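Read through the structure below, which is laid out as structure tokens, and then see the notes.
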Amino acid sequence: MPRYLKRIIADSPSLQPYLIEIFNNSFQEARISFIELSGMAENLVSLAPICTIEQALNEDWFPEISK
């Protein structure tokens with residue numbers, strides 16, 4: 001899927017703001033679902049994504065694990 005999205009954005013750069021909006025909205029919806037399903041305290045779940053849209057679309061990117 002990331003390659004497909006990259007091609008679409010390359011062909012239509014005007015879609016990039018829309019992709020960023022969807023990315024941010026999807027994160028917030030997923031965050032709320034996670035909190036509801038896990039029962040975890042809301043203040044323990046990050047308010048911001050752990051990655052940028054560019055990192056999410058990079059098939060070789062993986063978040064670093066902090067010790």
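Using UniProt numbering, read the sequence shown as starting at 1 and increasing by one per residue.
Where a beta carbon is used, it is the ideal one built from N, C-alpha and C, also for glycine.
Quick caveat: nothing in here was measured; it's all calculated off a predicted structure.
Close beta carbons around N25, own chain, < 7 Å, minus the five adjacent residues each side: Nothing meets the Cβ criterion.
For F34 and W61, the rounded distance between their alpha carbons: Taking the straight line from one Cα to the other gives about 23 Å.
Worksheet item: What do you reckon, are the CB atoms on I20 and I50 nearer than 8 Å?
Response: In this structure, I20 lies away from I50, with their beta-carbon atoms at least 8 Å apart.
inquiry  = If you follow the alpha helix (DSSP H) that I20 is in, where does it begin and where does it stop?
reply    = Per DSSP, I20 is one residue of the alpha helix (DSSP H) stretching across Q16 to S38.
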